[in-house]
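For what it's worth, numbering that gives the first Met the number 0 labels the leading residue of the sequence shown as 0, then goes sequentially.
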Amino acid sequence: MTIEKIRELVSQMTLEEKAGMLSGADFWHTKGVERLDIPQTMVSDGPHGLRKQDEQGDHLGVNDSIKAVCFPAGCASASSFDRALLTEMGEYLGDECQAEGISVLLGPAMNIKRSPLCGRNFEYLSEDPYVAGEMSAALVKGVQSRHVGTSPKHFALNNQEGRRMSVSAEADERTMREIYLAGFERMVKATKPWTMMCSYNRINGTYAAANEWLLTEVLRKEWGFDGYVMSDWGAVDERVADVKAGLNLEMPGNGGLNDKRIVEAVKNGELPETVLDENVVQLLNIVFRFEENRDKTAVFDRDRDHEMARRVASESMVLLKNNGVLPLSGNDNVVFIGKYASEPRFQGGGSSHINSHKVTSAAEAAAGIAGVSFVKGFDDAKDQTDEAMVREAVEAAKAAGTAVIFAGLPDSFESEGYDRTHMRMPESQNHLIEAVAAVQPNTVVVLHNGSPVEMPWIDKVAAVLECYLGGQAVGAAQVDVLFGKVNPSGKLAETFPVQLEDNPSFLNFPGEGDTVCYREGIFVGYRYYDTKKMDVLFPFGHGLSYTTFAYGNLTVDRDNIKDTDTVTVTVDVTNTGSCAGKEVVQLYVAGPHKNVIRPEKELKGFEKVSLEPGETKTVTFTLEKRAFAYWNTVLADWHVETGVYGVKVGASSRDIRLERKISVTSTQAVPHTYTIHSTMGDVMENPKLAPILADTMAKISETLGGQKKEEGEAASAAISEEMSAAMMRDMPLRSAMSFTGGKVSYEDLVKMVEQMNSVE
Ligand code: BGC
0 MTIEKIRELV SQMTLEEKAG MLSGADFWHT KGVERLDIPQ TMVSDGPHGL RKQDEQGDHL
60 GVNDSIKAVC FPAGCASASS FDRALLTEMG EYLGDECQAE GISVLLGPAM NIKRSPLCGR
120 NFEYLSEDPY VAGEMSAALV KGVQSRHVGT SPKHFALNNQ EGRRMSVSAE ADERTMREIY
180 LAGFERMVKA TKPWTMMCSY NRINGTYAAA NEWLLTEVLR KEWGFDGYVM SDWGAVDERV
240 ADVKAGLNLE MPGNGGLNDK RIVEAVKNGE LPETVLDENV VQLLNIVFRF EENRDKTAVF
300 DRDRDHEMAR RVASESMVLL KNNGVLPLSG NDNVVFIGKY ASEPRFQGGG SSHINSHKVT
360 SAAEAAAGIA GVSFVKGFDD AKDQTDEAMV REAVEAAKAA GTAVIFAGLP DSFESEGYDR
420 THMRMPESQN HLIEAVAAVQ PNTVVVLHNG SPVEMPWIDK VAAVLECYLG GQAVGAAQVD
480 VLFGKVNPSG KLAETFPVQL EDNPSFLNFP GEGDTVCYRE GIFVGYRYYD TKKMDVLFPF
540 GHGLSYTTFA YGNLTVDRDN IKDTDTVTVT VDVTNTGSCA GKEVVQLYVA GPHKNVIRPE
600 KELKGFEKVS LEPGETKTVT FTLEKRAFAY WNTVLADWHV ETGVYGVKVG ASSRDIRLER
660 KISVTSTQAV PHTYTIHSTM GDVMENPKLA PILADTMAKI SETLGGQKKE EGEAASAAIS
720 EEMSAAMMRD MPLRSAMSFT GGKVSYEDLV KMVEQMNSVE
């Protein structure tokens, strides 16, 4: 239906019908208006599978949802760094939604991983906004290609679970723009999601639901979003203020109470009816977009989708360490140790929890492979070492050629609704790993966790395979990777710090009472660790393969550009090993470090390439202004500082293989207002202003003058030429009154400043 037709329809609605439209009919449905043929539509969690509840939907999950397919959670799928794969996964999810009559899938969840402790990191994608933006956009494209909407969430700054419904995330605008909004921006501009979900928390004091700057100025006006914004479940505070701010749909329904308040607000003039109408138009536009594109022939083929879940999982696993023990050969006499080999932890708790139609464990998937045995090793229900189980594991490990321990975090260690308090694995599992590694040099650890863990045993084991929360087919994918049917190609979309205390948010997470200050600013994840040159357990972008890759011929098509130009960067990547494999080629840009504080480098491109042994492919990146820009608060826009930038290409943030330099010249001056408190150095930076100040500076020199060596040892030791120059640079203009012996007056200064401010 055209927007004009929708406007026409809205003009036929009563005030009560319009107000009613802006809240759910229940937990999962929008309202319909029968007399006008406005249908009800259903939304459903999300993000990595369908959690479609029956009519008695209850959010807390007391009532089961339908049997569905659990794909790998965001922590895993983002590690694939494979846009095409996520788009395909989105297509599968879109088909499932069509088959089940779901108009909007509530996801992807894409908040930045500020701290490893955030209970919901398992759903989130990355510590880096470029990765979060690219991977979420890929998924959104896939789902929406099936004429089903998405609801990227939680917009914005919902980076912790503690007090998520009341906490105020306090961040400066540059930090928000460069880190916490940038991923959403990239995704919105690339895909135009049908809906967005606002977060529970406040942002610098204002609830996201009532944040006009966020929901209207930034999201709609700047980024061009044209769908509807829904609240997170229960995120509405003051409904009328929220409508004005641009929050279209309150979820779940409010039993009519807030609808009445909207009606009253229109009647008493508090809320212009035109604002209400526009909110309804935006919502109905999406309702009809779904209704008119219903695919009633779509089927939900759970077994087919299980195989897709397996593929996504195997492409997402990250081989963190390998001394050559992997891949296993098939006649290695392998013992699988650990509860998660037979009952894998493959998803997290909360609103994303899927009622999986089946689960494949590694033990089950390896049943056909000769020489693979299994012992339980630990029980994750209680973090208590069972010495009998450990003894059994140690004996089995001794007798085997290789021990593979399936370990990780139990459900109670991480979940929606609360944050972790430490980064450790259960002591009982650490103890088991140490005991097994002590008797078996070929010990492999396979991890199931939604967020980084400390690894006190890392030097004692032969290999570590990070599977994150790999979805219901995780066991089959693990066997594919462990036995070399699939060559691992995932990379970490987040840093694994050595210890929690190293994380930049450590001192300010989860904050004090209802306030959390993002004091680390833009220095999130590798932006902090790399700038500080800190040791990390595993760096951002890290992931090994069963083959090796060489990088060569890095070219940048121009070495001198304006910030309005685009640059093409190419690099050759060769598979130098003996089996086919995939490499995630990463491009980072390093700023000039002049007047703007910035991270040592930032990711601005990645490409995943598949290579046969001996094969070389050329990977191409295009860099535009944004790759060099930072958020300038004076301009309230992106700005590029003139200077020399490094273009660094490599296999992780700590494995840069090649680098080229490029000079970028800014085409946009940052307006500067001079006052008598401006420093001489700042004035002299602008060559056009230097002449205005020349005479005054000469007078100061005469009075203060750096003492030359020949003018006497003692004097030059007290005020050197260097000191005198530095003093002058950092001196405010008003000091000229003190340091010229009265030769420059206040009036002279005011005149000079006026002159400076009038120079174009
Ligand atoms: C979660 C959302 C979810 C919604 C509906 C909320 O508690 O934060 O991510 O989509 O519930 O289940």
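Just so it is clear, CB atoms sit at the ideal spot from N, CA and C, and this is done for glycine as well.
**Asked** E761: which of S76, K647, T666, S652 sits nearest, CA to CA?
**Response** With the chain running from 0 to 759 in the structure shown, residue 761 is simply not present.
**Message:** Just to confirm, is the Cβ distance from A137 to L85 under 8 Å?
**Reply:** yes
**Message:** In whole angstroms, give me the CA-to-CA distance for V61 and G254.
**Reply:** Here V61 scores only 48 on pLDDT, less than 50, and its place in the model is too uncertain to base an answer on.
**Request:** Could you tell me which residues DSSP puts in a beta bridge with A668?
**Result:** According to DSSP, which records beta bridges pairwise, A668 is partnered with nothing at all.
**Message:** At a threshold of 7 Å, does G148 count as lining ligand 1 (C-beta to nearest heavy atom)?
**Reply:** Not one heavy atom of ligand 1 is found less than 7 Å from the C-beta of G148.
**Cβ neighbours of R526 in the same chain (closer than 6 Å, five flanking residues each side left out)** = P598
**Proximity winner among A717, A67, E701, relative to N354 (alpha-carbon distances)** = A67
**Message:** Closest to E558 by C-alpha separation, out of P690, V317, S662, R390, would be which residue?
**Reply:** In the sequence as presented, Glu is not what sits at residue 558; that position holds Asp. Measuring from the Cα of D558, the nearest candidate turns out to be S662.
**Item:** Run of the beta strand (DSSP E) containing K397, from where it starts to where it stops
**Value:** That residue, K397, is in no beta strand (DSSP E); its alpha helix (DSSP H) goes 386-398.
**Request:** Answer yes if the segment 509-519 comes into contact with the segment 472-492, meaning at least three C-beta pairs across the two stretches below 8 Å, and no otherwise.
**Result:** no
**Prompt:** Cα separation between E16 and F183?
**Reply:** 32 Å
**Sequence-distant residues of its chain with Cβ nearer than 8 Å to D564 (five each side left out)** = Cβ neighbours of D564 beyond the five flanking positions: R557.
**Asked** Are there 16 or more other CB atoms within 10 angstroms of the CB of C69, so buried, or fewer, so exposed?
**Response** buried
**Asked** DSSP state of V317, grouped into three classes?
**Response** strand
**Item:** Candidates L156, L8, G613: closest to E33 by CA position
**Value:** Checking every option, the nearest Cα to that of E33 belongs to L8.
**Asked** What residue from N441, F539, S165 has the CA that sits closest to V130's CA?
**Response** F539
**Request:** Compute the minimum distance between the beta carbon of W534 and the heavy atoms of ligand 1, and state whether it is under 7 Å.
**Result:** The sequence given here places Asp at residue 534; Trp does not occur at that position. No, the beta carbon of D534 sits no closer than 7 Å to any heavy atom of ligand 1.
**Message:** Which runs of the beta strand (DSSP E) at least 3 residues long sit entirely within the segment 398-477? Give them in chain order.
**Reply:** 401-407, 442-447, 462-465
**Complete beta strand (DSSP E) runs within the segment 132-188 (minimum length 3 residues, chain order)** = Residue ranges of uninterrupted beta strand (DSSP E) with 3 or more members, entirely inside the segment 132-188 and ordered along the chain, are 167-169.
**Message:** Looking at the secondary structure, which residues open and close the beta strand (DSSP E) in which C516 lies?
**Reply:** 514-516
**Message:** If I measure Cβ to Cβ from W222 and keep anything under 6 Å in the same chain, skipping five residues before and after, which residues do I get?
**Reply:** E184, V187, K188
**Close Cβ partners of A436 (< 7 Å) along its chain, the five nearest in sequence each way excluded** = Cβ within range, chain order: T442, W456, K459, V460.
**Message:** Pop quiz: V572 and Y550 are said to be a contact at Cβ under 8 Å. What is the actual Cβ separation, rounded to whole angstroms?
**Reply:** Correct: roughly 6 Å between the Cβ atoms.
**Message:** Shorter than 7 Å, the distance from the beta carbon of L246 to the closest heavy atom of ligand 1, or not?
**Reply:** no
**Prompt:** Residues in its own chain within less than 7 Å of T13 by CB, not counting five upstream and five downstream?
**Reply:** none
**Asked** At which residues does the beta strand (DSSP E) containing I336 begin and terminate?
**Response** 333-336
**Cβ shell of S665 (< 6 Å), same chain only, five flanking positions each side left out** = D562, V639, T641, listed in sequence order.
**Prompt:** Is the beta carbon of W232 within less than 7 Å of some heavy atom of ligand 2?
**Reply:** Judged by which ligands are present, ligand 2 is missing from the structure shown, whose ligands are ligand 1.
**Asked** Does the beta carbon of G794 fall short of 7 Å from some heavy atom of ligand 1?
**Response** With the chain covering 0 to 759 only, the question about residue 794 has no answer from this structure.
**Asked** Are C197 and A181 closer than 8 Å when you measure CB to CB?
**Response** no
**Asked** Can you tell me where the alpha helix (DSSP H) with A697 in it begins and where it stops?
**Response** 689-703
**Request:** Sort out for me which residues DSSP pairs E27 with in a bridge.
**Result:** Note that residue 27 is Trp in the sequence shown, not Glu. Paired residue(s): none; W27 is not in a bridge.
**Asked** Straight-line CA distance for H47 to K357?
**Response** 15 Å
**Prompt:** Is the closest heavy atom of ligand 1 to the C-beta of K112 under 7 Å?
**Reply:** no
**Message:** Between L464, N429, G469, which has its C-alpha nearest M454's C-alpha?
**Reply:** N429
**Prompt:** Taking the DSSP output, what are the residues bridged to I37?
**Reply:** Bridge pairing for I37: V32 [DSSP].
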